[in-house]
Structure formats: C-alpha cells, structure tokens
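To start, the structure under review is shown below, and the notes come after it.
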Amino acid sequence: MTKLIKVRYFAGFRESAGTDEEELSMDVSTAGDVFAQLQHRHGSSEPLGHCKVAINDEMADWDSSVKEGDTVLLFPPVAGG
Amino acid sequence: MKITADSIEPDKLRDDLLDRGAGAYVSFEGWIRDHNDGQKVQRLEYEVYEPVAIKEGEKVIEEAKKKFPLLHVACVHRSGLLEIGECAVWVGVTSAHRDEAFAACRYIIDQVKVRLPIWKKEHYVEGHSGWVNCERCAEHGHKHSVVTGN
Chain C
216 MTKLIKVRYF
226 AGFRESAGTD
236 EEELSMDVST
246 AGDVFAQLQH
256 RHGSSEPLGH
266 CKVAINDEMA
276 DWDSSVKEGD
286 TVLLFPPVAG
296 G
Chain W
5 MKITADSIEP
15 DKLRDDLLDR
25 GAGAYVSFEG
35 WIRDHNDGQK
45 VQRLEYEVYE
55 PVAIKEGEKV
65 IEEAKKKFPL
75 LHVACVHRSG
85 LLEIGECAVW
95 VGVTSAHRDE
105 AFAACRYIID
115 QVKVRLPIWK
125 KEHYVEGHSG
135 WVNCERCAEH
145 GHKHSVVTGN
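Those protein sequence lines, which keep their order, are chains C and W. Just so we're aligned: the first sequence equals residues 216 to 296 in the working numbering. Just so we're aligned: the second sequence equals residues 5 to 154 in the working numbering.
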C-alpha cells in the first residue's frame with residue numbers, strides 16, 4: 216500500500232541525495248524497505264547493518280513498521296567522539 | 005547529555021560532579037588530532053542530529069547508572085567546526101571507588117561513539133575532505149575508514 220512518508224538525510228546521505236529531506240509516496244512496510252528503495256538516492260554501498268534509522272525522532276529497527284505520515288531519518292555510519 | 009557549539013571546559017564540568025561521598029573521579033576527553041589514516045588533518049566538522057543524540061545519550065547514561073554504582077555522570081559533545089587540539093567530547097563520572105568509575109567512563113564513551121547520530125568530516129591540509137566512519141572500526145580500536153569527497 217502506498218504511503219506518504221517524509222524522509223530525512225544526514226551527513227554523506229544528504230550530500231548524495233542533494234537534499235536534507237523530501238516527501239515521497241512509497242510502497243513500503245518497514246524502515247528497511249525505505250532504505251532499500253532509496254539506496255540510489257543516498258548513494259550508499261554500506262550494508263544496512265552499518266547504518267541506523269529513527270522514526271519520528273525515536274531510534275528504530277530496520278524491521279520497524281512505517282506508517283502514513285511518518286518521518287523516517289536515515290543515518291549513515293555514525294562517528295561521534 | 006549535552007550537545008554544544010561552544011568550547012568544552014573540562015574543569016568547570018568537573019566541578020558539577022563534586023561529592024563528599026566520591027572517592028573517585030574519572031574523565032575522558034576526546035581531542036582533535038592533526039592526522040588520521042596517514043593524512044594531515046587541518047580541522048574537523050561535527051554534524052549532530054540533536055533531538056535523537058540527546059535522547060540516545062541519556063539512555064547510555066541511564067544504562068551506565070544501572071550497570072555501575074555511580075554518584076554523578078555527565079557527557080558533553082561538540083558540534084560544528086573544531087580546530088586541532090580542541091576537546092570534541094567529554095565524559096565525567098564519580099563513584100565511591102575507582103573500578104566502577106573507570107569502567108563506567110569507558111562504557112559511556114564507547115557507546116556514545118557507536119550509537120549517537122553524530123558524524124565527523126575531516127578537512128585535510130591538502131584541501132579535500134571526507135566523512136569518517138568510526139562505527140565499523142569501533143571493535144578494532146583506532147582504525148578508521150574514510151569516505152573522501154569534496
């Protein structure tokens with residue numbers, strides 16, 4: 216089922232996507248589906264396991280479900296400290 | 005857990021942890037060094053997604069408090085452009101004895117590095133720059149992988 220979702224990109228993903236956020240109509244069930252469908256946008260060759268995701272500002276898992284109106288935040292590999 | 009664009013002043017942060025019941029204070033300061041992976045680094049830029057970084061940092065601190073008998077804990081991470089020698093991250097803990105203070109400080113900095121949505125871009129002396137990937141190398145100590153760009 217198609218849902219309207221806001222996707223936000225950070226760091227290298229933002230540079231590859233050329234935008235920090237966009238609203239997309241997507242046929243997805245999980246956060247992992249969003250990542251997979253947008254892989255060409257954020258230009259990542261990173262395995263899913265090296266990246267992280269948050270939904271509506273809460274850390275989530277790649278199998279977390281995505282609902283209509285959710286904001287999905289795609290985090291490339293982090294490097295704090 | 006605090007994210008700041010201002011200089012970190014460890015001595016001032018330490019004062020907030022003072023406690024008559026504390027027999028140990030352990031802190032960690034992460035500094036900007038002038039090289040990485042054989043490249044000369046000129047400065048470093050931190051991008052932080054604050055809403056989630058603060059929540060996740062608070063979770064790490066709560067976990068440390070559950071794992072170890074601590075008196076006080078604090079962690080501050082910089083955002084923005086940093087020069088060589090500046091303090092990028094500070095962790096401080098106090099406890100009755102040193103063993104738990106050392107262990108908790110180590111736990112917090114290790115978790116902060118791999119869980120908080122923070123990214124660093126190194127700007128090299130030669131003029132190019134690259135995002136650093138610390139997560140993949142966290143298990144290997146100091147090794148870094150750099151994705152270079154403009």
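Positions of the beta carbon are idealized from the N, C-alpha and C atoms, including for glycine. From a predicted model like this one, the values you see are computed outputs, not experimental measurements.
Could you name the residues of the same chain whose beta carbon sits closer than 7 Å to that of W/Leu-21, not counting the 5 residues immediately before and after it, in chain order? Tyr-29, His-76, Ala-78, Gly-96, Thr-98
Is the Cβ of C/Gly-284 closer than 9 Å to any Cβ of chain W? no
>> Quick check on the DSSP output: the beta strand (DSSP E) that includes W/Ser-99 runs from which residue to which?
In response: 91-99
Same chain, Cβ closer than 6 Å to W/Val-93, five either side skipped, listed in chain order | Gly-34, His-81
Requested in this report: Work out the CA separation of C/Met-216 and W/His-127 for me, nearest whole Å.
Outcome: 44 Å
*asked:* Just verifying my parser: in three-state terms, what is the DSSP assignment at W/Ile-65?
replied: helix
Review point. If you run the structure through DSSP and keep just helix, strand and coil, what is W/His-132?
Key: coil
What is the DSSP secondary structure of W/Tyr-50, counted as helix, strand or coil?
strand
query = Excluding sequence positions up to five away, which residues of its chain have a Cβ less than 8 Å from the Cβ of C/Trp-272?
reply = The displayed chain sequence assigns Asp, not Trp, to residue 272 of chain C. These residues qualify, in order along the chain: Thr-286, Leu-288.
Problem - Exposure label - W/Lys-124; buried when at least 16 CB within 10 Å - result: buried
Three-state secondary structure assigned by DSSP to W/Val-45:
strand
| request: List the DSSP bridge partners of W/Gly-34. | output: W/Val-93
Item to complete: Anything in the stretch 221-255 of chain C with a Cβ closer than 8 Å to a Cβ of chain W? List those residues in chain order, please.
Response: Phe-225, Ala-226, Gly-227, Glu-230
Contacting residues, own chain, Cβ-Cβ under 7 Å from W/Gly-89 (five flanking each side not counted): Trp-35, Ile-36
- For C/Arg-223, count neighbouring Cβ atoms within 10 angstroms of its own Cβ and tell me buried if that reaches 16, exposed if not. buried
Given that a residue counts as buried once 16 or more other Cβ atoms are within 10 Å of its Cβ, and exposed if not, what is C/Lys-282? exposed
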